[in-house]
Amino acid sequence: MLKNKNVLLLMLVAVFLVFGVFGCGGPATPPADEDAGEEPAAEFEGEVLLGIMVPTTGSEASDGGDMENAALLAVEEINAAGGVLGHKIVTSTGDDGCDPSKATAAASKLISEEVFSVVGGYCSGATLPTLKLYGDAGIPFVIAASNATTLIDENPGWAFMINSTGDAQAAKALEWFEGLGVETISLVDDGSAFSVDLKDQTKAAWEAAGYAVLTEDRVETGTQDFSAVVTKIMDAGPDAVYWTAYQGLGALLIMQLRQNGYEGIIMVGDGSSAQELIDLAGPDAEGVYCTAPPKVDFLPAAQDFISGYKEMFPREPGAYAGLMRDATYLLVDAVERAGSFDGEAIKAALAATDSFEGLSGPVEFTPQNTLNRSNFVIIVAKDGKWALAE
Amino acid sequence: MTFWEIFLQQLFNGLLIGSFYGLVAIGYSMVYGIIKLLNFAHADIYMSGAFVGLITLSLFANTFVGNAWLGIVLSLLISMLLVGMLGVLIQRVAYRPMLKAPRLSILITALAVSMLLYNTVMLLTQGQYKPFRTGLTHDSFFVGPLRLTETRVVLLVAAIALMIILHLFITRTMYGKAMRAISLDRDTCQLMGINVFQIVAITFFVGSALAAAAGIMAGVYYGTVHFYMGFLIGLKAFTSAVIGGIGIIPGAMLGGLLLGLLESFSTQIPFVGTVWKDVFSFVFLILFLLFRPTGILGRAESERM
Numbered sequence: 055m056l057k058n059k060n061v062l063l064l065m066l067v068a069v070f071l072v073f074g075v076f077g078c079g080g081p082a083t084p085p086a087d088e089d090a091g092e093e094p095a096a097e098f099e100g101e102v103l104l105g106i107m108v109p110t111t112g113s114e115a116s117d118g119g120d121m122e123n124a125a126l127l128a129v130e131e132i133n134a135a136g137g138v139l140g141h142k143i144v145t146s147t148g149d150d151g152c153d154p155s156k157a158t159a160a161a162s163k164l165i166s167e168e169v170f171s172v173v174g175g176y177c178s179g180a181t182l183p184t185l186k187l188y189g190d191a192g193i194p195f196v197i198a199a200s201n202a203t204t205l206i207d208e209n210p211g212w213a214f215m216i217n218s219t220g221d222a223q224a225a226k227a228l229e230w231f232e233g234l235g236v237e238t239i240s241l242v243d244d245g246s247a248f249s250v251d252l253k254d255q256t257k258a259a260w261e262a263a264g265y266a267v268l269t270e271d272r273v274e275t276g277t278q279d280f281s282a283v284v285t286k287i288m289d290a291g292p293d294a295v296y297w298t299a300y301q302g303l304g305a306l307l308i309m310q311l312r313q314n315g316y317e318g319i320i321m322v323g324d325g326s327s328a329q330e331l332i333d334l335a336g337p338d339a340e341g342v343y344c345t346a347p348p349k350v351d352f353l354p355a356a357q358d359f360i361s362g363y364k365e366m367f368p369r370e371p372g373a374y375a376g377l378m379r380d381a382t383y384l385l386v387d388a389v390e391r392a393g394s395f396d397g398e399a400i401k402a403a404l405a406a407t408d409s410f411e412g413l414s415g416p417v418e419f420t421p422q423n424t425l426n427r428s429n430f431v432i433i434v435a436k437d438g439k440w441a442l443a444e
Numbered sequence: 026m027t028f029w030e031i032f033l034q035q036l037f038n039g040l041l042i043g044s045f046y047g048l049v050a051i052g053y054s055m056v057y058g059i060i061k062l063l064n065f066a067h068a069d070i071y072m073s074g075a076f077v078g079l080i081t082l083s084l085f086a087n088t089f090v091g092n093a094w095l096g097i098v099l100s101l102l103i104s105m106l107l108v109g110m111l112g113v114l115i116q117r118v119a120y121r122p123m124l125k126a127p128r129l130s131i132l133i134t135a136l137a138v139s140m141l142l143y144n145t146v147m148l149l150t151q152g153q154y155k156p157f158r159t160g161l162t163h164d165s166f167f168v169g170p171l172r173l174t175e176t177r178v179v180l181l182v183a184a185i186a187l188m189i190i191l192h193l194f195i196t197r198t199m200y201g202k203a204m205r206a207i208s209l210d211r212d213t214c215q216l217m218g219i220n221v222f223q224i225v226a227i228t229f230f231v232g233s234a235l236a237a238a239a240g241i242m243a244g245v246y247y248g249t250v251h252f253y254m255g256f257l258i259g260l261k262a263f264t265s266a267v268i269g270g271i272g273i274i275p276g277a278m279l280g281g282l283l284l285g286l287l288e289s290f291s292t293q294i295p296f297v298g299t300v301w302k303d304v305f306s307f308v309f310l311i312l313f314l315l316f317r318p319t320g321i322l323g324r325a326e327s328e329r330m
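As you go down the protein sequences, you meet chains A and B in turn. Note that our numbering gives residue 370 to position 316 of the first sequence, counting from 1, and the numbers run on in steps of one. Note that our numbering gives residue 237 to position 212 of the second sequence, counting from 1, and the numbers run on in steps of one.
Take a look at the structure:
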């Protein structure tokens, strides 16, 4: 009798745990199929399933949600215009949680659902292990945001990166620092693949140009106290501090630097380019520079997209929404050029992309499947908003 | 900065972060002392405390314009009360029915409560960082070479004051005496007419309230709160409790301060830096525990509380 009671309790606990764990996977996924009944006019030959892989939970859920929304919006527009090759696109979202193990699970889920292609990819560390999975399954993957240079080596040829890679960003940072007369810098990363990559690239470019990197530091995700790092930086006294990771910790670093009396230049990488950084850091964020991806707010071609986005979702499109929209359109464009949903054909068509006009500018790929130009801009926090720095 | 200036600055940094560790570590230690449970949910209580503080503070946002500290203290007290009651509720629902069950079962319910709190807050906040606006300025002043802000000094003093009050509560009141007695021998206490369940509930109330206080202080100090904020500090506070001698409250405080200082100073050691600081601190702690397995204040046969 007692045994039975214990078993029952254990089962209850198990149910509880499962609920807890899978609670992580479920939320913030706007209904993908909502638009199913809204197309009375268009006649489709069939449906094709497009995979979206972004973090919809975890610390980067905010940008990930924006990207998912952008893809949903693009898909709705494409379907309204007759779909692709006469087929209606439906979507399935895999939540990579900005975490390599969750990303692997998300990729496996999308592969088992037999998606014809995947768009997405935000955290490079999470995107990295999925490249081989998609490659083995023969599924083309258009990477909208992830841009660590480590992705290039791991790419079996099925992934296409439409965001400029880390070295293009480091070059932009170098150029801007030089323009400001900066001679010494301190670098801070959070240990994630993307931020370490950007830090290494910046360091290499900076030292090659003959300047000095005074300190290199790392903070852990989940920590709040940067006082030891800040004391080190204050001691070294660099002209500028460059933060290469995401906005949550970035805001903490900015606040703690300013609270400790650091008056030099602060610049953050594209992972911190969301409005959230300024909202979190408040007045301390004023004057902070950012090497940013081409955000829709600054793109004249994107005004229709912004209004369409705000109509469909009650929020501002984030930093990567424009790139995600471009990724989705590029993929559809490639399918139409390929004339089939066959993976090999789409892959060949993507590689042969020639001056595809996206919101963020023309897309063409290098032989390594990376964007053949730098698309970074410098923005600055001014009166509580990001603005293009002149 | 000269060597001594850096030394003093890092000393202060270490004391402040260490006192946060200490406040959270006390909760682990008290609960372990009294019912031998590693309360996994404690880190999430800390996080919940910060969020309850954020909500109560926003309620007072327009009441105490110009006197930020009054609002902070009031919301600190209210949140400590609320989160203390949350701790009691968790204890009543998830732990008390399990006291006679095998030790592992109660460990699992603790894990489940942790998951529940963590995921609930994640869903409610959509995983986003939330700004913790207090209206405090961060004008700094110098004491000798040491750069301080009003916020930092007040927080350090408050943390130490809370620890002293707790110490007096444990050593000078009947409730404290009952807690110490229960940690020695629960069954005998019951026979002697001590209401064990009531004392266990009080223990959870006090431990949770202190964690909530630490959570709010972290919010005030760092300016943002996040559903993930309890994870790392929970691990480190638990470590602090073990180094100090688990179950011994002054030990938890000492352990917290020791870990804070270790982390802060290790970043200054060449080749350790911020990248290797945790490796360094934890290697040190492994060595320490090898030579002193019962922790700083622990004795092989000691009264645990």
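Just so it is clear, CB atoms sit at the ideal spot from N, CA and C, and this is done for glycine as well. All values derive from a computational prediction rather than experimental measurement.
Got a sec, what are the start and stop residues for the alpha helix (DSSP H) residue i sits in?
i	result
W440(A)	Segment 439 to 442 is the beta strand (DSSP E) holding W440(A); no alpha helix (DSSP H) there.
K302(B)	302 to 316
D149(A)	Counting along the chain, D149(A) falls outside any alpha helix (DSSP H), though it belongs to the beta strand (DSSP E) covering 141 to 149.
T197(B)	Note on residue identity: the sequence assigns Arg, not Thr, to residue 197(B). Segment 175 to 197, the alpha helix (DSSP H) holding R197(B).
Starting from residue i, trace the beta strand (DSSP E) both ways and give me its first and last residue.
i	result
D271(A)	266 to 272
S165(B)	165 to 168
T238(A)	238 to 243
V434(A)	431 to 436
Y296(A)	294 to 297
C344(A)	343 to 346
F195(A)	195 to 197
Leaving out five residues on either side along the sequence, give the residues of the same chain with a beta carbon under 6 Å from the beta carbon of residue i.
i	result
E30(B)	P170
K302(B)	E288, S291, T292
R128(B)	none
Q301(A)	S326, A328, E330, L331
F263(B)	Y53
For residue i, which residues in the same chain have their Cβ closer than 7 Å to its Cβ, ignoring the five residues on either side in sequence?
i	result
E444(A)	none
S281(A)	Q310
P275(B)	H192, L322
I400(A)	S171, P194, A388, V389, A392
Could you name the residues of chain B that residue i contacts, counting a contact when the two beta carbons are closer than 8 Å?
i	result
V283(A)	T292, T299
L306(A)	Y247, G248, T249
E330(A)	Q153, Y154
What does a CB cutoff of less than 8 Å around residue i pick up in its chain, not counting 5 residues either side in sequence?
i	result
V138(B)	F65, A66, D69, I115, A119
L40(B)	L181, L282, G285, L286
G211(A)	G189, K401, N423
Since residue i sits in a beta bridge, which residues does DSSP pair it with?
i	result
C177(A)	C177(A) is not bridged to any residue.
P416(A)	E411(A)
E101(A)	K142(A)
P156(B)	T249(B)
T424(A)	M215(A)
V221(B)	Paired residues: none, contrary to the question.
I320(A)	V295(A)
R172(B)	F167(B)
For residue i, go through chain B and note every residue whose CB falls closer than 7 Å to its CB, in chain order.
i	result
Q278(A)	A243, Y247, M254
L334(A)	Y154, P156, T249
If the cut is a Cβ gap below 8 Å, which residues of chain A does residue i touch?
i	result
T174(B)	Q313
Could you name the residues of chain D that residue i contacts, counting a contact when the two beta carbons are closer than 7 Å?
i	result
R272(A)	Of the protein chains in the structure, A and B, none is chain D.
How would you list, in chain order, the residues of chain A whose beta-carbon sits under 7 Å from the beta-carbon of residue i?
i	result
I31(B)	T285, D289
N92(B)	Per Cβ cutoff of 7 Å: no residues; N92(B) is ~20 Å from chain A at best.
L257(B)	E274, G276, T277
S73(B)	Here the premise fails: no neighbours, minimum Cβ distance about 15 Å.
Q35(B)	A282, T285
Quick one: which chain A residues come within Cβ less than 9 Å of residue i?
i	result
S165(B)	Q313, N314, G315
L40(B)	Going along chain A, no residue has its Cβ under 9 Å from L40(B), so there is no contact; the nearest lies around 10 Å.
S54(B)	Near S54(B) there are no residues of chain A at all, since even the closest Cβ is about 21 Å away, more than 9 Å.
Name the chain B residues whose beta carbon is nearer than 9 Å to that of residue i?
i	result
G302(A)	Q153, Y154, T249, H251, Y253
M309(A)	H163, Y247, G248, T249
Three or more C-beta pairs below 8 Å linking the region 112 to 120 of chain B and the region 162 to 182 of chain B: no
Is the region 289 to 296 of chain A in contact with the region 232 to 250 of chain A, if contact means three or more CB pairs nearer than 8 Å? yes
Are at least three pairs of beta-carbons, each pair with one atom in the region 114 to 123 of chain A and one in the region 181 to 191 of chain A, less than 8 Å apart? no
Between the region 309 to 326 of chain A and the region 399 to 416 of chain A, do three or more beta carbon pairs fall short of 8 Å? no
Report yes or no: do the region 246 to 266 of chain B and the region 269 to 278 of chain A share at least 3 C-beta pairs separated by less than 8 Å? yes
With three or more beta-carbon pairs closer than 8 Å as the criterion, would you say the region 214 to 226 of chain B touches the region 154 to 164 of chain B? no
Looking at C-beta atoms only, is the number of pairs between the region 424 to 435 of chain A and the region 216 to 224 of chain A that lie closer than 8 Å three or more? Yes: the two stretches touch, three or more of their Cβ pairs being nearer than 8 Å.
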